[in-house]
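Visitor: Chains as they are written, first to last, in my numbering: chain A, 1054 to 1354; chain B, -2 to 103.
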Amino acid sequence: MVTKTEDTQLNRLENQVDNGGGGAWEYLCLIKKLKVRRPEKVLKYGLSILNDSKKRSSLGSEEWTLYEQVSIAAMDCQCLNVAKDCIKVLQKKFPESKRVARLEAILLEAKGSWTEAEKAYTSLLEDNPIDQLIHKRRIAIAKAQGDISGAIELLNKYLEIFMADHDAWRELADIYVSLQMYKQAVFCYEEVILAQPTVPLYHLAYADVLYTLGGLENLQTAKKYYASTIDLTGGKNTRALFGICLCTSAIAQLSKGRNKDEKESSELHSLAVTALEKDYKNTAPGKLPLLTAALKSLKIS
Amino acid sequence: MGLGFVVGVVGVVILSHAAYSTIQYRSLLKIMEEEFSGPPMNVVVELLLGLVLCMWAALTVPGNFLSIKLDTDENRMVSLPGNLDFMIFNHRGKVFSSEMDMKLKI
């Protein structure tokens, strides 16, 4: 998870490295720790470390993980020669390793030789049928080929065995959202929130899907989850504030006449509006008239 | 760090001295054949002083407190990690294949 402090640290290091200020290794370590995807930078700075024999030997055993990181980044940039060379070095060092074998199969994927990659994964699975990473790669192959329904099927089969894998649930939710199968996506996000209840971004995504589904009950749940996002972020998530505004106005539209808890809802609306206006005044005063116009068009009576 | 550690050691020494004094006091009482009604004043003072010093050292030596509130900067999530286990490679990076002609020197 990337917290605010880590995010600022990452940006600071990125600036520093881009301007030639050194600290490339710390930057690469942070990228690996936070699991962010910056293939070009990893390739550039990782190679500059690997090509400098003095710097490389000062890493000690970390050298090999850097080779792995750079090779994956190179595949992401389609610099397949670099990836191949990195894997060759790793192969020489660890001839029997499963991890290197997996990298080789990923290289086949990057080349686009799907059947060969599939074959490699199948033989790796024969040795170790519960290797989660390889199961995930097979799902990724199906996705990369555009076979989304096949990916869903594999992912569901995978989740039957590894139910606690929230990353897989998140992936499945993303796929369902991309196919506009919101009911299924809702279920997946529920699983994700169950596994990691303190991550506000999952609450936000869940609320978004519920709001998209529509209907009074869903809108009310969505409003609750937008509110919990605000609770978890201390009101610093603009999207959740907008979500509250949209939900309250949509609920008001739907439940016209049956004004049960209207007072509470309009109170929440005005609170969200105040927070938004304050936020915009601080960070983008030029956009304030746009915001007020947009919020005025939402009817809440 | 150094100061806090020394203070902690002093606190422990004071506490053990208080324990030692109490034992001595009780054996003295046994010789004088009096009933034990409570620890003497100097032991109580030593105990309190040792308690304060040890507590201060225990709070400062291990480092600063971490925030447990969810909305502070250290704990507030701003972005999710890329789901790298499921990464796929046929994206626009293929079309924009970088001008960098890099090579790994072996």
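We treat Cβ as the ideally placed atom computed from N, Cα and C, and that holds for glycine.
Check whether the Cβ of residue 73 of chain B lies closer than 8 Å to any Cβ atom in chain D.
Guide: The structure shown contains no chain D; its protein chains are A and B.
Visitor: Between which two residues does the beta strand (DSSP E) harbouring residue 99 of chain B extend?
Guide: Run containing residue 99 of chain B: none; DSSP gives neither H nor E here.
Visitor: Run down chain B in chain order and give the residues with a C-beta less than 8 Å from the C-beta of residue 1054 of chain A.
Guide: Within chain B, the residues near residue 1054 of chain A are 74, 77 and 78.
Visitor: Looking only at C-alpha atoms, which of A:1062, A:1141 and A:1076 sits nearest to residue 1102 of chain A?
Guide: Here the closest residue by C-alpha is A:1076.
Visitor: Can you tell me which residues form a DSSP beta bridge with residue 76 of chain B?
Guide: Residue 76 of chain B is bridged to A:1055.
Visitor: Taking residue 1104 of chain A as the query, report the chain B residues whose CB atoms sit under 9 Å from its CB, ordered along the chain.
Guide: Under the 9 Å cutoff, chain B gives 99, 100, 101 and 102.
Visitor: Taking Cβ to Cβ, would you say residue 114 of chain B is nearer than 8 Å to residue 1332 of chain A?
Guide: Missing from the structure shown is residue 114 of chain B; chain B here goes from -2 to 103 and no further.
Visitor: Quick one, which of A:1309, A:1324, A:1232 and A:1274 has its alpha-carbon nearest residue 1294 of chain A's?
Guide: Ranking A:1309, A:1324, A:1232 and A:1274 by Cα distance to residue 1294 of chain A puts A:1324 first.
Visitor: CB-CB under 6 Å to residue 1326 of chain A, same chain, minus the five flanking residues each way: which ones, in chain order?
Guide: The answer, listed in chain order, is 1348.
Visitor: Measuring straight from C-alpha to C-alpha, what distance separates residue 1298 of chain A and residue 1292 of chain A?
Guide: Distance between the alpha carbons of residue 1298 of chain A and residue 1292 of chain A is about 10 Å.
Visitor: Between B:55, B:38 and B:99, which has its C-alpha nearest residue 15 of chain B's C-alpha?
Guide: Closest by alpha carbon: B:38.
Visitor: On a CA-only basis, which of B:-1, B:101, B:5 and B:21 is nearest residue 52 of chain B? Give me that one, please.
Guide: If we check each option's Cα against that of residue 52 of chain B, B:5 comes out closest.
Visitor: With a threshold of 8 Å between beta-carbons, can residue 1060 of chain A be considered close to chain B, or not?
Guide: Closer than 8 Å to some Cβ of chain B, the Cβ of residue 1060 of chain A qualifies, so yes.
Visitor: Step through the CB atoms of chain A and report whether any lies within less than 8 Å of the CB of residue 90 of chain B.
Guide: By this cut-off, residue 90 of chain B is an interface position.
Visitor: Taking the C-alpha atoms as reference points, what is the distance between residue 1300 of chain A and residue 1335 of chain A?
Guide: Roughly 25 Å between the two C-alpha positions.
Visitor: Using alpha carbons as the reference points, say which of B:58, B:24, B:46 and B:44 lies closest to residue 0 of chain B.
Guide: For the residues B:58, B:24, B:46 and B:44, the minimum Cα distance to residue 0 of chain B belongs to B:58.
Visitor: Using the Cα positions of residue 1126 of chain A and residue 1222 of chain A, report the straight-line distance between them to the nearest angstrom.
Guide: In a straight line, the C-alpha of residue 1126 of chain A is about 25 Å away from that of residue 1222 of chain A.
Visitor: Output needed for residue 1265 of chain A: all residues of its chain with C-beta closer than 6 Å, excluding positions within five of it in sequence on either side, in chain order.
Guide: Contacts found: 1235.
Visitor: Between the alpha carbons of residue 1139 of chain A and residue 1124 of chain A, how many angstroms are there, rounded?
Guide: Cα-Cα distance, rounded: 6 Å.
Visitor: On the three-state DSSP scale, how would you describe residue 1234 of chain A?
Guide: Coil, per DSSP.
Visitor: By the DSSP assignment, the alpha helix (DSSP H) with residue 1298 of chain A in it spans what residues?
Guide: Its alpha helix (DSSP H) spans residues 1291 to 1307.
Visitor: Mind the definition here: the region 14 to 30 of chain B touches the region 57 to 71 of chain B only if three or more C-beta pairs lie below 8 Å; say whether that holds.
Guide: Touching, no.
Visitor: For residue 85 of chain B, which residues in chain A fall below 7 Å Cβ to Cβ?
Guide: Per Cβ cutoff of 7 Å: 1193, 1196 and 1197.
Visitor: Are the CB atoms of residue 1220 of chain A and residue 82 of chain B nearer to each other than 8 Å?
Guide: Yes, the pair counts as a contact, with Cβ atoms nearer than the cut-off.
Visitor: Compare the C-beta of residue 1065 of chain A against all C-beta atoms of chain B and say whether one is closer than 8 Å.
Guide: Residue 1065 of chain A does not count as touching chain B.
Visitor: Against chain B, with Cβ distances strictly below 8 Å, would residue 1131 of chain A count as a contact?
Guide: Closer than 8 Å to some Cβ of chain B, the Cβ of residue 1131 of chain A qualifies, so yes.
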